[in-house]
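Asks: Each residue of the sequence shown is one higher than the one before, counting from 223 in our numbering.
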Amino acid sequence: MTALPWMYLALLSLGYALALSYGQLGLLAALSLLLLLCAGFAVRQQRSTIGQYLGHGLFVVVALALAMHWLPGFYNGRAIDPQRLTDDAVPFSLYLNQDKPLIGFWLLLVCPWIIGRRSLRLSLCASVLALLLCAITALGGALLLGIISWAPKWPDQAWLWVLNNLLLVTLVEEALFRGYIQGGLSRRLKHLPYGENLALLASALLFGLAHLGAGWQWTLLASVAGIGYGLAYRFGGLGAALATHFGLNLLHFGLFTYPMLAG
223 MTALPWMYLA LLSLGYALAL SYGQLGLLAA LSLLLLLCAG FAVRQQRSTI GQYLGHGLFV
283 VVALALAMHW LPGFYNGRAI DPQRLTDDAV PFSLYLNQDK PLIGFWLLLV CPWIIGRRSL
343 RLSLCASVLA LLLCAITALG GALLLGIISW APKWPDQAWL WVLNNLLLVT LVEEALFRGY
403 IQGGLSRRLK HLPYGENLAL LASALLFGLA HLGAGWQWTL LASVAGIGYG LAYRFGGLGA
463 ALATHFGLNL LHFGLFTYPM LAG
């Protein structure tokens, strides 16, 4: 347990305490917490393999429901009304979601092995190299596909975007796709030739499919970026994957059309 990222957990806890105090959480949110507690209890049972599988299965179902905002008790407020960050961009709005971050909370507490700690030097090197790779392939690909253009900016709401993207988006997605899926598959497939490579590609593909609603271009680019995030996780741990993912999102937000060019 000493390996847990207490800073992230403390910030998430503070965020939920504030959400509760401001009325952004209802009593029915306890249903999600109860389901996650049951899943966590089952997963942590060392004597029952079947119970562990059932716990992971319950978590996957609850995680999907939280990500799709299907479970009650969460009043996700809109922090930024729809607006164009640049004249040629599609309108952008921002919601402070209280349900989706529970996925990351559960993973950090119940599956501390997802962190995959490495030395600080190795993590920094992995982050820098992976971010360079992602910037060239993903952002370069978006430029070639004509869905973004060069558009440096730093709007008034930028710091709110930074906090939301780091704590409520990137942390959750990397804990799930890299830590849980890639890390879990790597543990299961380590006896196979190229098992870790298969785990990396599987997590990248699933990450891309999660962006299917945005169109085939973003599905392709997210899959490509997912390979970079996966390499960062493999060689630098969860912190490196998080830094790479957030770094790419920040470059996209600050230097290019965000979220994408209009029609």
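Note that beta-carbon positions come from the ideal geometry of N, C-alpha and C, so glycine has one too. Just so we're clear, the structure is a prediction, and the values are computed from it rather than from any experiment.
Any idea what DSSP makes of SER315, helix, strand or coil?
Replies: Position 93 of the sequence shown, counted from the first residue, corresponds to residue 315. Reduced to three states, the DSSP call for SER315 is strand.
Asks: So does the region 307-320 actually touch the region 425-433, counting three or more Cβ pairs closer than 8 Å?
Replies: Counting Cβ pairs under 8 Å, fewer than three are found: no touch.
Asks: Using alpha carbons as the reference points, say which of ALA465, LEU316, TRP328, GLU396 lies closest to ASN298.
Replies: As a first step, residue 298 must be located in the sequence shown, where it is residue number 76. Among ALA465, LEU316, TRP328, GLU396, the Cα nearest to that of ASN298 is on LEU316.
Asks: Rounded to the nearest angstrom, how far is the Cβ of PHE296 from that of ALA251, given a contact under 8 Å?
Replies: Within the sequence shown, numbered from 1, the residue matching residue 296 stands at position 74. Within the sequence shown, numbered from 1, the residue matching residue 251 stands at position 29. Between ALA251 and PHE296 the Cβ distance is about 6 Å, and since that is below 8 Å, they are a contact.
Asks: Using the rule of at least 16 other Cβ atoms within 10 Å of the residue's Cβ for burial, across every protein chain shown, is ARG456 buried or exposed?
Replies: By one-based count along the sequence shown, residue 456 stands at place 234. That one is buried.
Asks: From LEU477 to GLN268, what does the alpha carbon distance come to, in whole angstroms?
Replies: In the sequence shown, the residue the question calls residue 477 occupies position 255. In the sequence shown, the residue the question calls residue 268 occupies position 46. Approximately 49 Å between the Cα atoms of the pair.
Asks: Just to confirm, are ALA285 and ILE325 a CB contact at a threshold of 8 Å?
Replies: Numbered from its first residue, the sequence shown carries residue 285 at position 63. Numbered from its first residue, the sequence shown carries residue 325 at position 103. Contact: yes.
Asks: Excluding the 5 residues flanking TYR244 on each side, which residues of the same chain have their C-beta closer than 7 Å to its C-beta?
Replies: Stepping through the sequence shown from its first residue, residue 244 is reached at position 22. Counting only Cβ-Cβ distances below 7 Å, and skipping sequence neighbours, we find nothing.
Asks: Below 8 Å CB to CB, which residues in the same chain sit around LEU442 once its five sequence neighbours on both sides are set aside?
Replies: Residue mapping note: residue 442 aligns to position 220 of the sequence shown, counting from 1. Once the five neighbours on either side are set aside, the close Cβ partners of LEU442 are GLY363, GLY430.
Asks: Output the distance between the C-alpha atoms of GLN246 and LEU255, rounded to the nearest integer angstrom.
Replies: Within the sequence shown, the letter at position 24 stands for residue 246. Within the sequence shown, the letter at position 33 stands for residue 255. About 15 Å.
Asks: I need the straight-line Cα distance from TYR416 to GLN404, nearest angstrom please.
Replies: For the purposes of this step, residue 416 is identified with residue 194 of the sequence shown, where counting begins at 1. For the purposes of this step, residue 404 is identified with residue 182 of the sequence shown, where counting begins at 1. Looking at the two C-alpha atoms, the distance is approximately 13 Å.
Asks: According to DSSP, is GLN274 part of a helix, a strand, or is it coil?
Replies: Your numbering for residue 274 matches position 52 in the sequence shown. Looking at GLN274 - three-state DSSP - the assignment turns out to be helix.
Asks: Is the region 386-403 close to the region 457-471, with three or more CB pairs under 8 Å?
Replies: Verdict: yes, contact present.
Asks: At what residue ranges does the region 440-472 contain a whole run of the alpha helix (DSSP H), taking only runs of 4 or more?
Replies: The qualifying runs do not exist here; there are none.
Asks: Is it right to say SER425 is buried, meaning 16 or more other beta carbons lie within 10 angstroms of its own, or is it exposed?
Replies: Within the sequence shown, numbered from 1, the residue matching residue 425 stands at position 203. By the 10 Å Cβ count, SER425 comes out buried.
Asks: What whole-angstrom Cβ distance do ASP321 and HIS291 have, given they're in contact under 8 Å?
Replies: Within the sequence shown, the letter at position 99 stands for residue 321. Within the sequence shown, the letter at position 69 stands for residue 291. Contact holds; Cβ gap of about 6 Å.
Asks: By a C-beta neighbour count over all protein chains shown, 10 Å radius and 16 as the cutoff for buried, is TYR480 buried or exposed?
Replies: For the purposes of this step, residue 480 is identified with residue 258 of the sequence shown, where counting begins at 1. Buried: at least 16 other Cβ atoms inside 10 Å.
Asks: Between LEU253 and LEU288, is the Cβ-Cβ spacing less than 8 Å?
Replies: Position 31 of the sequence shown holds residue 253. Position 66 of the sequence shown holds residue 288. Contact: no.
Asks: Measure the alpha-carbon distance for GLN274 versus GLN305 and round it to whole angstroms.
Replies: Locating residue 274 in the sequence shown gives position 52, counting from the first residue. Locating residue 305 in the sequence shown gives position 83, counting from the first residue. Cα to Cα, the separation comes out at about 46 Å.
Asks: DSSP on ILE403, reduced to helix/strand/coil?
Replies: One-based indexing of the sequence shown puts residue 403 at position 181. ILE403 falls in the helix class under three-state DSSP.
Asks: Going by other Cβ atoms of all chains shown within 10 Å of its Cβ, with 16 needed for buried, is MET223 buried or exposed?
Replies: Within the sequence shown, the letter at position 1 stands for residue 223. Model confidence at MET223 stands at a pLDDT of 42, short of 50, so the residue's coordinates are unreliable; what they give is reported in the following sentence. Answer is exposed; the Cβ neighbour count stays below 16.
Asks: Report back the beta-carbon spacing between LEU258 and TRP328 to the nearest angstrom; my notes put them in contact at under 8 Å.
Replies: Here residue 258 corresponds to residue number 36 of the sequence shown, with the count starting at 1. Here residue 328 corresponds to residue number 106 of the sequence shown, with the count starting at 1. Confirmed, Cβ separation roughly 5 Å.
Asks: When you compare only the Cα positions, how much space is there between MET482 and ARG400?
Replies: Mapped onto the sequence shown, residue 482 falls at position 260. Mapped onto the sequence shown, residue 400 falls at position 178. One C-alpha to the other measures close to 25 Å.
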